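Below you'll find the structure, written out as structure tokens, and then a few comments.
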Amino acid sequence: MEQALRIWDNLKGYDIILASQSPRRVELLSGLGIAFRQEVIPNIDESYPQGLTPEEIVQHISRMKSAAYERLATEGRMVITADTIVVAQGEVLGKPKDKADAERMLGMLSGSEHRVLTAVTVLTAEGAHTFVDEALVQFAPLSAEEIDYYLEACRPYDKAGAYGIQEWVGYRAIERIEGSFYTVMGLPTAKLAKYLKTIKPYVG
-11 MEQALRIWDN LKGYDIILAS QSPRRVELLS GLGIAFRQEV IPNIDESYPQ GLTPEEIVQH
49 ISRMKSAAYE RLATEGRMVI TADTIVVAQG EVLGKPKDKA DAERMLGMLS GSEHRVLTAV
109 TVLTAEGAHT FVDEALVQFA PLSAEEIDYY LEACRPYDKA GAYGIQEWVG YRAIERIEGS
169 FYTVMGLPTA KLAKYLKTIK PYVG
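Take the sequence shown: its letter number 131 is residue 119 in this note's numbering, and every next letter is one higher.
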């Protein structure tokens, strides 16, 4: 890890906050070897105006999350937020409201291709930068019994589209991915790393 931290010398002066309650995003940012801490503000409004494209929706929600942490973005601090949505059959799928909604979502994904978009916002005292990454995912057909098993075993009610790529349904159903596995998981690590490399060191 010490060697990994040397790779990120330009970030050493920053207090980096991952503003997310997602354990997947904690795992992925940790995997980059970046020193950070996690902070969560509950019940952030994730609604969005009508008429937005999926790209605009996911950026809007990521920026709304970032705005909730704006008070933390003082000199020498960096706040990272993210949001993921699934788009299937022209419908934007966020987190399911309940089991019936999750069953409906997985039924839509079964045997078809869908889009997964993750937006990331990096907030510093200098301002906010948001980017989006997209992946295409092809699901094999799933039976009603398989959907019920997955929902009972993994309870993916905190995940966009009612599934986690790293869980049973990912092993069972995903036939093809075009794009980053980690974008589907919730944080496009390569694209985030590329942007973080451009940030100038902070000297307090």
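Each residue gets a CB set at the ideal place from its N, CA and C atoms; glycine is no exception. The structure presented is a predicted model; accordingly, all values stated were derived computationally and were not measured.
Checklist line | Residues near MET(-11) in its chain [Cβ-Cβ closer than 7 Å; skip 5 each side] | finding: Caution is warranted here: a pLDDT of 46 is assigned to MET(-11), below 50, making its placement in the model unreliable, and no coordinate value can be reported.
Check: Taking contact to mean at least 3 C-beta pairs separated by less than 8 Å, is the stretch 159 to 170 in contact with the stretch 108 to 125?
Finding: yes
Notebook entry, point to check: So what does DSSP say about THR177, is it helix, strand or coil?
Noted result: helix
Check: Is VAL172 helix, strand or coil by DSSP?
Finding: In the structure shown, VAL172 sits in a helix (DSSP, three-state: H, G or I).
Margin query: Can you tell me where the alpha helix (DSSP H) holding GLY64 begins and where it ends?
Written below: No alpha helix (DSSP H) contains GLY64, which DSSP labels as neither H nor E.
Checklist line | Top-ranked residue by Cα proximity to LEU16, from MET52, THR69 and HIS102 | finding: THR69
Next item on the list: Examine the ligand NAP and report whether any of its heavy atoms sits within less than 7 Å of the Cβ of VAL125.
Entry: As presented, the structure is devoid of all ligands, the ligand NAP included, so that no description of it is given.
Next item on the list: Please name the residue or residues paired with GLN126 in a DSSP beta bridge.
Entry: Under DSSP, GLN126 takes part in a beta bridge, and its partners are GLU101 and ARG164.
Check: Just checking, does the stretch 99 to 106 make contact with the stretch 68 to 84 on the three C-beta pairs under 8 Å criterion?
Finding: yes
Note to self: Cutting at 6 Å between CB atoms, please list the residues of its own chain near GLU43, excluding the five before and the five after it.
What the structure shows: VAL120
Checklist line | Distance between SER98 and ARG160 (C-alpha atoms, nearest Å) | finding: 11 Å
Check: Comparing alpha-carbon positions, which option in GLU114, PRO11 and GLY64 lies nearest VAL191?
Finding: Put simply, of GLU114, PRO11 and GLY64 the residue whose alpha carbon is nearest the alpha carbon of VAL191 is GLY64.
Checklist line | Exposed unless 16 or more other CB atoms sit within 10 angstroms - verdict on ASP71 | finding: buried
Next item on the list: Tell me, please, whether the stretch 83 to 95 touches the stretch 146 to 157 by the rule of three or more beta-carbon pairs shorter than 8 Å.
Entry: yes
Notebook entry, point to check: Any idea what DSSP makes of GLY115, helix, strand or coil?
Noted result: It is a strand residue.
Checklist line | Residue nearest to ASP146 in terms of C-alpha spacing, selected from TYR137, GLY174, SER131 and TYR170 | finding: From the listed residues TYR137, GLY174, SER131 and TYR170, the smallest Cα separation to ASP146 is found for GLY174.
Item checked: Residue range of the alpha helix (DSSP H) that includes GLU133 -> 132 to 142
Check: Terminal residues of the continuous beta strand (DSSP E) containing ILE22?
Finding: Bounds of any beta strand (DSSP E) do not take in ILE22, whose DSSP letter is neither H nor E.
Next item on the list: Can you check DSSP and say which residues form a bridge with ILE5?
Entry: ARG25 and VAL67
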